[in-house]
């Protein structure tokens, strides 16, 4: 239990992430803390959930994930430790973990309540520092998760934009824009392939029409929107060596349609 | 002496921070280097001092802090190692450390002059690489601080914007904007509470008036500026789930008044 | 073989760099991974080559460098492991390594082909995760480089903008802008000094004329463009405590002339 995967919307200008790491290392100097990202769009729980879900499988077994996107900090939202077959997850109970737990079922969920493991006085606005960081530090020391609070079966679940699936229409939306400007949709590759089979299709997003799937970015035609099935398993729209989001004027929430010809 | 807390205005595009870390690890491969921030506003010594002061207490004892915001690099400004009860601080002598040393008094100050511990030839523009990094590396090896130069009692002190405090007026200013856009003032929570007691008050910043302190961000009213006492101990202006600096058009140096009704 | 120097254009918003690190640590939990930069301008192989060349010498011997700027991912471009006297370099074969190898000659070059060391299924768009990361992880375990593929003598070489050098004219261009806005040219300090000797000279870039070399940033006159020989060994244009690129309106590719009076 030595590796920590750390995800937040803390940004990298302030000392927030550094202070959280300092507290973890104070309790366990040999911890290795891997930054997943601290540039989640501020307060965007869905984006954080999506990034965490696309990341956790690549980490060593027993990694502890600390995920803090927490617009409800200081309110009555709960704080959780979730044990799964391979990992631990520590996060506010606001839906952030629900995408992960669909793929990696929980074995035990603890609501964090035992303030013996908190940094005091607990502030109203920075539970990352005062609650989550020391809890991760003590977990790394091998404190059993039952000590941190009481077991619960419930946790918040994000309601995702559902896919609209008819016989010859599959409709989803853009849920994430990566830093190259590639537009990730909520249409998983398996669902896309099952829907299209070997039939001819059109992908429609805003005014743009795409009628094939490219294997990779360099195979794509220049200056034309390209569709591909990306490395995390989603249908993605991109533009060869360009920022598709900026050039095409597309953004999160924009609808995407797959139509059978 | 294995943990290094590293703060700079180097940004994250260039190799500056990476090269400094490489040199430290070359001299002590088991060092753990924690980034506090490399996004201090370029050349902003006050901002660096404020971030360091808000961070150092959370690090393990014996942490060595390396803080480089150094507009005077290559000029006659001195370079310092400061030993305090719990920590070491390595930085240019330009005031950066003065906020910290008000809270964590120095036990010994060494002016770094012994070029035996420098990377040669010493450049005129990157002492972070050529002087500060190897000095931290050798400190980690256990070289006594007296070896690095001669003791001094003097160090540069930043002159902070003073608070203007009258019987029914407390005036400060915005000194830091965090990456959520929250506006941190130079009014400490203790000073605010002593001033206000249980009387009615108004907080005035530009055209905005706020008449209460919120406990946390989510308790704050939507779409209205909010005042709270933040997790680092300052009066802060924010806007619920928004970037207060951008939406309200406020910036560093703007005055803030607390008035007793 | 425990230190990894990691350079990419992955940015810091996405989980790309974090996932690559996770895979390396899964194969070798005691690896120390130093970020050189993940903010290389997207797809800019020359910029990555320049940053790597300015960085590698400062790392401990036996460091493994992982450098991924890879617009051709999924196409037929090769992937390489290069062993030099002091280091290993793992990168796509697109010229990225050619600037380094001019200074640090290769002893052996392996084309990575043995998919036994890949993460499967190998995606078409993220070889950083599926090929480069596990190869670095297995290298750290001490697997001999011959196991990863077959030896080759050839690698792609970047064609750099050549210097135009006449008797009383030396013409180069801006090749890199650091995050302070300083403008790095392709004119090396040695070449500049050999050309100028002790004669009077003028440096001309866009409409600006500079007639001396300043030793450091603080010695430079305020509000006027300054030329200096920077810490990485290049002629550089800067503006005291300002962002020269923004204020002067200069950009990568702009020509710079040195004229003997």
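Chains as they are written, first to last, in the numbering used here: chain A, 3 to 263; chain B, 3 to 263; chain C, 3 to 263.
Glycine included, each C-beta is placed from N, C-alpha and C at the ideal position.
Because the structure is a prediction, the values reported are computed rather than measured.
Hey, out of 220(B), 249(B) and 177(B), whose CA is closest to residue 257(B)'s CA?
-> For residue 257(B), the nearest C-alpha among the options comes from 177(B).
Straight-line Cα distance separating residue 134(B) from residue 230(C) | For the pair residue 230(C) and residue 134(B), the Cα-to-Cα distance works out to about 21 angstroms.
Between which two residues does the alpha helix (DSSP H) carrying residue 192(C) extend?
-> Residue 192(C) -> alpha helix (DSSP H) spans 191-198.
With a cut-off of 8 angstroms, do at least 3 Cβ pairs link the stretch 185-199 of chain A to the stretch 141-155 of chain A?
-> These segments do not touch.
Residue 248(A) CB to nearest chain B CB: under 8 angstroms?
-> Output row for residue 248(A): interface = no.
Pick from 79(B), 262(B), 13(B) and 232(B): whose alpha carbon is nearest that of residue 170(B)?
-> Ranked by Cα distance from residue 170(B), the first of 79(B), 262(B), 13(B) and 232(B) is 262(B).
Proximal residues, the stretch 46-79 of chain B versus chain A, C-beta separation under 7 angstroms | Answer in chain order: 53, 56, 57, 60, 61 and 62.
In the DSSP assignment, what are the bridge partners of residue 241(C)?
-> For residue 241(C), which the question treats as bridged, DSSP gives the partners 227(C) and 244(C).
Amino acids of chain A, ordered along the chain, whose beta-carbon sits closer than 7 angstroms to that of residue 142(B) | What residue 142(B) touches in chain A, judged by beta-carbon distance under 7 angstroms, is nothing: the nearest beta carbon there is about 14 angstroms away.
Helix, strand or coil at residue 8(A) according to DSSP, with G and I counted as helix = Residue state, collapsed to three classes: strand.
Closest Cα partner of residue 106(B) within the set 114(B), 59(B) and 77(B) | Shortest Cα-Cα distance from residue 106(B) to any of 114(B), 59(B) and 77(B) involves 59(B).
Determine the direct distance from the alpha carbon of residue 75(B) to that of residue 3(A), and round the result to whole angstroms.
-> Residue confidence for residue 3(A) is low, a pLDDT of 48 falling below 50, so the modelled location carries little weight; the figure read from the coordinates is stated next. Using only the alpha carbons, I get a separation of about 43 angstroms.
Three or more C-beta pairs below 8 angstroms linking the stretch 30-49 of chain C and the stretch 225-240 of chain B = The stretch 30-49 of chain C makes no contact with the stretch 225-240 of chain B; the number of CB pairs closer than 8 angstroms stays below 3.
Could you tell me whether the stretch 239-252 of chain B touches the stretch 217-228 of chain B, using the rule of 3 or more Cβ pairs below 8 angstroms?
-> Taking a cut-off of 8 angstroms for Cβ pairs, the stretch 239-252 of chain B and the stretch 217-228 of chain B touch, as three or more such pairs fall below it.
Got a sec? Which residues, its chain only, sit under 6 angstroms from residue 213(A) by beta carbon, not counting five neighbours each side?
-> Excluding sequence neighbours, residue 213(A) sits near 204.
Bridge-paired residues (DSSP) for residue 259(A) | In DSSP, residue 259(A) forms a bridge with 173(A) and 206(A).
Cβ of residue 3(A) within 8 angstroms of any chain C Cβ | At residue 3(A), the pLDDT of 48 sits below 50, so the modelled position is not reliable and the matter cannot be decided from this model.
Which class does residue 31(A) belong to by DSSP, given the choice of helix, strand or coil?
-> If DSSP states are grouped into helix, strand and coil, residue 31(A) belongs with coil.
Which runs of the alpha helix (DSSP H), 4 residues or longer, sit entirely within the stretch 41-104 of chain C?
-> Listed in chain order, the complete alpha helix (DSSP H) runs (minimum 4 residues) inside the stretch 41-104 of chain C are 47-55.
Proximity to residue 162(B) [Cα-Cα], best of 218(B), 255(B) and 179(B) = Nearest C-alpha to residue 162(B): 255(B).
Let me know if residue 168(C) comes out buried or exposed under the rule of 16 or more other beta-carbons within 10 Å of its beta-carbon.
-> Exposed is the label assigned to residue 168(C), since fewer than 16 other Cβ atoms lie within 10 Å of its Cβ.
Straight-line gap, residue 89(A) to residue 139(A) (C-alpha atoms, nearest Å) = Going by the C-alpha atoms only, they are around 15 angstroms apart.
What are the boundary residues of the alpha helix (DSSP H) that includes residue 139(C)?
-> Run containing residue 139(C): 135-142, per the alpha helix (DSSP H) assignment.
Can you pull the chain C residues whose beta carbon is under 8 angstroms from the beta carbon of residue 34(A), in chain order?
-> What residue 34(A) touches in chain C: 27 and 31.
Own chain residues within Cβ distance below 6 angstroms of residue 116(C), not counting five before or after = Answer for residue 116(C): 150 and 151, listed in chain order.
Of the residues 53(B), 61(B), 62(B) and 119(B), the one placed nearest residue 70(B), counting alpha carbons only = Nearest neighbour of residue 70(B) by Cα position, chosen from 53(B), 61(B), 62(B) and 119(B), turns out to be 53(B).
Residue 218(B) to residue 153(B), Cα distance in whole Å?
-> One alpha carbon belongs to residue 218(B), the other to residue 153(B), and they sit about 46 angstroms apart.
In angstroms with no decimal places, state the Cα-to-Cα distance between residue 30(C) and residue 109(A).
-> Straight through space, the alpha carbons of residue 109(A) and residue 30(C) are spaced by roughly 28 angstroms.
Backbone CA spacing between residue 20(C) and residue 103(A) [nearest angstrom] = Cα-Cα distance, rounded: 20 angstroms.
Give the straight-line distance between the Cα atoms of residue 62(B) and residue 7(B), rounded to the nearest whole angstrom.
-> Going by the C-alpha atoms only, they are around 10 angstroms apart.
Report buried or exposed for residue 143(B), applying the criterion of at least 16 other Cβ atoms within 10 angstroms of its Cβ.
-> Exposed, since its Cβ has fewer than 16 Cβ neighbours within 10 Å.
Compare the C-beta of residue 2(B) against all C-beta atoms of chain C and say whether one is closer than 8 angstroms.
-> Not covered by the structure: residue 2(B). The range shown for chain B is 3 to 263.
May I have the straight-line CA-CA distance separating residue 40(C) from residue 253(B), to the nearest angstrom?
-> Their Cα atoms are separated by approximately 29 angstroms.
At least one CB of chain C closer than 8 angstroms to the CB of residue 96(B): is that the case?
-> Residue 96(B) is outside the set of residues whose beta carbon lies under 8 angstroms from a beta carbon in chain C.
Short check: CB of residue 188(B) to CB of residue 165(B), under 8 angstroms?
-> Yes, these two residues count as a Cβ contact at 8 angstroms.
Can you tell me whether residue 248(C) is buried or exposed, with buried defined as 16 or more other CB within 10 angstroms of its CB?
-> The residue is exposed, with fewer than 16 neighbouring Cβ atoms inside 10 Å.
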